Amino acid sequence: MDAATTPSPEQRIADTVLLLLRTKGPKAVTIEAVANVAGMARTTIYRRYRDRSEMLRR
Numbered sequence: 006m007d008a009a010t011t012p013s014p015e016q017r018i019a020d021t022v023l024l025l026l027r028t029k030g031p032k033a034v035t036i037e038a039v040a041n042v043a044g045m046a047r048t049t050i051y052r053r054y055r056d057r058s059e060m061l062r063r
């Protein structure tokens, strides 16, 4: 994949949040779960979102 087709970290996070919401419900959407499913470090998420609530609002 090149830069034009590689989703941004923000897009990967958003896609993963939606996937977890649809498949497992809102309680399953945690920073750790999103990081694991998206294949990224938790720090990548924390650099963009202060906490779970902020991640869910965006």
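When the letters of the sequence shown are read in order and numbered with my numbering, they come out as residues 6 to 63. Think of the CB as a built atom: it goes at the ideal place given N, C-alpha and C, for glycine as much as any other residue. Keep in mind the model is a prediction, meaning the values are calculated, not measured.
- Residue range Arg57 to Arg62 is occupied by the alpha helix (DSSP H) that includes Arg57.
- Per DSSP, reduced to three states, the secondary structure at Ala46 is coil, with no helix or strand assignment.
- Remark: C-beta atoms of Arg47 and Ile36 approach each other more closely than 8 Å.
- Residues of the same chain with a CB within less than 8 Å of the CB of Leu25, apart from the 5 flanking positions on each side, are Ala33, Val34, Ala38, Val39 and Val42 in chain order.
- Here Arg17 has Ala43 as same chain residues with Cβ atoms under 6 Å from its own Cβ, once five neighbours each way along the sequence are excluded.
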